[in-house]
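Worksheet for the structure shown next.
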Amino acid sequence: MANKLYEALESRILLLDGGFGTMVQQYGFTEEDYRGERFRDWNVLLKGCNDLLAVTRPGAVREIHVKYLQAGADIIETDSFNANAVSLADYGLEAYAYEISRAAAGVARSAADEFTARNPLKPRFVAGSMGPTNRTASMSADVGNPAAREVTFTQLAEAYTDQARGLVDGGADILLVETVFDTLNAKAALYAIDTLAAQLGRAIPVMVSGTLADASGRTLSGQTVEAFYASVSHARLLSVGFNCAYGARQLMPYLERLAAVAEFRISAHPNAGLPNVMGGYDETPEMFARDVGEYMRRGLVNIVGGCCGTTPAHIFELAKIAGNYAPRPVPAPKHVTTLSGLEPLRIVPEANFVNVGERTNVAGSAKFARLIREGNYEEALSVARAQVDAGAQIVDVCMDDGLIDGAEAMRTFLNLMASEPEIARVPAMIDSSKWEVLVAGLQVTQGKAVVNSISLKEGEAEFLRRAQEIHRYGAAAVVMLFDERGQADTYERKTEVASRAYKLLTDAGFPTEDIIFDPNVLAVATGIPEHDSYAKAFIDATRWIKRNLPHAKVSGGVSNLSFAFRGNNAVREAMHSAFLYHAIRAGMDMGIVNPQMVRVYSEIEPELLERVEDVILCQRPDAAERLTEYAQQVRTVAQTQPQAPDAWRAGTLGERIGHAMLKGVADFIEQDALEGYETLGSPMAVIDTLLMPAMEHVGTLFGEGKMFLPQVVKTARVMKRAVAALTPYIEQGAAGVSNRAGKVLIATVKGDVHDIGKNIVAVVMACNGYEIKDLGVMVESQRIVDEAVAWGADCICLSGLITPSLDEMAHVCEELERRALRIPVIIGGATTSDLHTAVKIAPVYAGVVVHSPNASRNSQILAQLLGPDGALYADKVRAGQQAMRSEYERAERTRNLIPIVEVRKALKGATPHRPVVPAHPGRMVFPDFDVADAEPYIDWNFFFPAWGLKGRYPEILDHPEKGEEARKVFADAQALLARIRDERLLTLQAAVGIFPARSEGDDIWITDPKGREHRLAMLRNQTRGQDNLSLADFIAPEGDWIGCFAVTAGIGLKELCEKFRAGGDDYNAIMAKLLADRLTEAFAEAVHSFVRRQMWGYETGEAPTPRQVIRGEYRGRRMAFGYPASPDHSLKREVFDLLAAELTTGMKLTENYMVDPGEALCGLLLADADYFSVGTVDTKQLLDYARRRGLDVELVKKLIPHNI
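Be aware that the sequence shown starts at 429, since it is given in our numbering, and climbs by one per residue.
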């Protein structure tokens, strides 16, 4: 059944069933019904244990399944949501978990098989339902002890293993881990399923469906949509999605967020709206289908169904519309390293460098070690909190100490971190040299963590065993470059071990993006010559890894580097900064860094930087001695001539503000900001001329890798304090101004927490008389639109600092467009621009979208948008944006093209095509081909949409809504087709030929029966990143052959249609035209089959079936003119002449190169070829093509307008 499941998912959206509990309630079962005979004397009340009904009332359970199958469900869920030992313990039934699960699967299997037998073309599948249990592994039920847990990972995994085994043994096709409110529980289920699959020696398709707990779109355990996905994505899922909690409309924005990141299929089975005051659900089947239908229309889903409050009637309504939409295409893997805590962390180049906080490591922090040994976890948590506040994006936790129970301490501390949202939002790095400590950490981490570390030190078998377990727990792994011979300390050893480890891991199926190499940062300038090249070896090895081991990441502990200079912070800071600068440029992605021990690279004293880089890059033999000498001088100067810490205060106002922003010093910023106000006379002048340039300078340094995130975080805090000091003076300017200019809603879009610019803009707009509603940061698109409509906003201002915010701004505009609103939108923020707004955002919205470069300009734009000439201003904005788009598109097309000279040069030396000599070359005419021989090749998939009946054949014939009409139209088509065949109402004619051919550059030269050569000039693809093919590539330079064809099923059609219309039968006139179209395509397939097997003879063995032919499952290709690989219709002239088609058939070629009758095809037959698209060509190829065709350039432009 697995193959059928995947085939079905490829072809259509599958329907899951609806609420099971909803249906059970309708039976009104009593306590005795639940007990049945077997549990008549049970000592615990069993009413409410719905899972038990699979044993005590299997007939009723089967009846519910049948109702959903009758409604059109493709997948039915077993009655086993709570059939696990943890949940069943409430009823004393934990020992029966396997039996109940197996029984539930057996009942569902029986019902599904009955319906599959009725219609094998619509197979039905069974999903084994595995609920979240009634315990949580990542939250404490004891308010006095946040580290306590009601259930352990091991207990959950054991319970889920029994349940999964029962479901699989009972016949489930899929296991559905659903209603996930705590991702750690789900990870235990996935761990159990993967372990069971390994024991059974076969794959088990798994669906995971989470549930969101509040309006913020997080799970009950606190994870965002993206973090939840990252945490379960290791399991190679059949699908991932959401169910329960929300109605279909409320779930929409979160489903869109999931679709933006998920590389699996997506499922959704929401409730029938939100519960009413009585706990019931009021959404009718029609209302439910309308909202779920929007998922399908937007291409978000592959599987849909219902949860609480839904019934077979709800699923029936979905069945009516599901066939109208294609399933969501599964994206190709992007191999992006994504970790998660409560929020996701994507390790991508634009993130620059990921900082791993190192202070929660007992080996690296004496204070932290003392706190852990004393059991003072509360203060130890403050160490972790301080690191996150300072910009750490991952928190490294290490408990390796002889006086500490490492496993227990790791469990306790990670549990406590999970109780602190500000800490838990970032991923954890579980750091230990002891495997049992790593496992202890993995078993309490709901997010996707990093294990630090594994290595080949203990051999390949143990290395792979641990890697498999880490992957099964859903974590990434730091791979230290050690092997059986010890630490890899040279470039050669580092690359050797990295290459070996990478191959072992990838061959075993470990995701490449989850491999994080640590090439070992070792101390340099120690006085030992062998150590001198350690830093350079790390950097060189990093560069090699990034070039040769795709998607792998590189990390390292930076402080080890400067160990020889302990006590001399000036030198150590310079060494760390210079090392990071060069290592990051080589490809280092992340590292364990103390932000207090890093300086701004461009601020390092030139002489110190020179000597540090001599050491790090191993640029001279005496580098270590020279740096040691300098370090001693620095120490001496510091002792004899201490510099005042605030000497920078003697600079100009601009220099002081620049220094404060660069260094993150906030002590004097309010004073300096107010001095700027007094000097410049305007608070906005201070922001625009002093603060923003300093902020932009920091952003530039960050982008160049000369500053790091913790330093930028400090800068942002300084900026906020400066703006706060100026805000009263901005507001002062608004005194006496009434808020009558308009209502403006402002928000920082989802995924972005930056609000400095937004706050400035809000204040300035308020000062100009606008009433402001500030929604804050991280605001969902749906909420922005909802609030704007409810409040009656005259304009929406969207703010964002990071690049992903640009997509979110477009989503807001898409939501406005979906609701047919026309509220003006202003776009602003550091990454926004006029061009991006014109190209990416404005086209998705019919309302006006304007980009604003700064706060002052924002008010000017508002005045024009909301003023009396607002419509004229909007038209001017749109015209300007259209001009920008046109110029951008022209430049983009040119930019993405490889010059034709370079493309052709790159082809030299390519292996030429190998000719296939035909058995019967020459021409052949089919004057009256039998319709019956073409009929099996008709592809009916294109027939039904012409009647407005979208859907695939033959499934559309059983569609619950369209099926009746589809069957009627199909029957009418069969009846008319029979008349066409029996009464010979249409004549099928064709001319084909196989001729000697050769290629010369991009030309195909064909020799006719009289020995004359005819040139068929071909176009070549020039698009960067594509194969740059031409049809000439599939013809050898000498001694090859090519086929030509012209076919029609339209002779007699005109007369037939006129006859129908004369009798008032327009219906059959249209039907005849559609059938002639289908017959022409079918006839072309039949003729092509004849050519391949009889005339040319290269296709031998068992002939492909008509269905295989329709799917293109044969050797060779039929290339019709006007199609992407050969877009020039004028080439038909040469083919018609070669075939003498106008002399031997009823086909004629018009002056515009159209075939009469119109139901015709003409083109080339190639023994070996690939379908491709020529795409856009540059001017040079256009001119060259016109020359080779012997046509005027302007005429060629008209012939191939879409390729220019």
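The beta-carbon is built from N, C-alpha and C at its ideal position, and this holds for glycine as well.
Of the residues Ala1419, Trp1368, Val1305, Leu1293, the one whose Cα lies closest to the Cα of alanine 1266 is Val1305. Look at proline 713 here: in three-state DSSP terms it is helix. Rounded to the nearest angstrom, the Cβ distance from glycine 598 to alanine 532 is 7 Å, consistent with a contact under 8 Å.
The DSSP-derived three-state label of phenylalanine 744 is helix. In the structure shown, the three-state DSSP call for lysine 1390 is coil. The C-beta distance from alanine 1144 to leucine 1173 rounds to 24 Å, too long to fall under 8 Å, and the pair is not in contact.
In the three-state reduction of the DSSP assignment, valine 1605 falls in the coil class, being assigned neither a helical nor a strand state.
In the structure shown, serine 847 adopts coil according to DSSP, grouped into three states. Rounded to the nearest angstrom, the gap between the Cα atoms of glycine 1467 and alanine 1445 is 18 Å.
In this structure, the CA atom of aspartate 1235 is about 18 Å from the CA atom of proline 1252. In this structure, the CA atom of isoleucine 1188 is about 10 Å from the CA atom of leucine 1154. Per DSSP, valine 1420 is not a residue of any alpha helix (DSSP H); the beta strand (DSSP E) it occupies stretches across 1415–1428. Straight-line spacing of the CA atoms in phenylalanine 581 and leucine 612 works out to 8 Å. With a minimum length of 4 residues, the unbroken runs of alpha helix (DSSP H) contained wholly in the stretch 476–527 fall at 481–484, 486–499, 513–516. Across the structure, alanine 818 and proline 777 are spaced so that their CA atoms are roughly 21 Å apart. Contact annotation, aspartate 1222 with leucine 1294: C-beta distance approximately 6 Å; criterion of less than 8 Å satisfied. Shown here, arginine 1351 sits in a strand according to DSSP, grouped into three states.
Taking a 10 Å sphere around the C-beta of leucine 1611, we find fewer than 16 other C-beta atoms and assign the residue as exposed. Boundaries cannot be given for aspartate 642, as no alpha helix (DSSP H) includes it and DSSP labels it neither H nor E. When the beta-carbon positions are compared, proline 849 and alanine 877 stay at least 8 Å from each other. In this structure, the CA atom of proline 1296 is about 43 Å from the CA atom of valine 1141. Rounded to whole angstroms, the separation of the alpha carbons of glycine 1257 and glutamate 691 is 30 Å. With a beta-carbon spacing of about 4 Å, alanine 969 and proline 947 fall inside the 8 Å limit used to define contacts. Positions of the alpha helix (DSSP H) runs, each at least 4 residues long and wholly inside the stretch 1509–1588, are given as 1534–1538, 1560–1567, 1569–1572 in order along the chain.
Contact between isoleucine 731 and lysine 981 is absent: CB atoms are separated by about 33 Å, not below the 8 Å threshold.
Taken atom to atom, the span from the alpha-carbon of glycine 995 to that of leucine 624 is near 54 Å. Using a C-beta cut-off of 8 Å, the stretch 458–474 makes no contact with the stretch 750–768, since fewer than three inter-stretch Cβ pairs fall below that distance. For phenylalanine 796, the CB contacts under 8 Å within the same chain, skipping 5 residues up- and downstream, are Arg787, Thr788, Asn789, Val790, Ala808, Val811 in chain order. Here isoleucine 743 is actually not in contact with alanine 895; their C-beta atoms are around 43 Å apart, not less than 8 Å.
By the 16-neighbour rule on beta-carbons within 10 angstroms, threonine 1260 is buried. By the Cβ criterion, the stretch 1564–1575 is not in contact with the stretch 1519–1530, since fewer than three pairs of Cβ atoms, one from each stretch, lie closer than 8 Å. Taking a contact as a CB-CB distance under 8 Å, the pair methionine 558 and alanine 592 counts as one, their CB atoms being some 7 Å apart.
CA-CA distance, isoleucine 1085 to glutamine 1310, rounds to 41 Å. Here asparagine 562 carries a coil assignment [DSSP, helix/strand/coil]. Bounds of the beta strand (DSSP E) holding lysine 1171 are 1170–1176. Looking at the backbone, the Cα of alanine 837 and that of glycine 875 are separated by about 19 Å.
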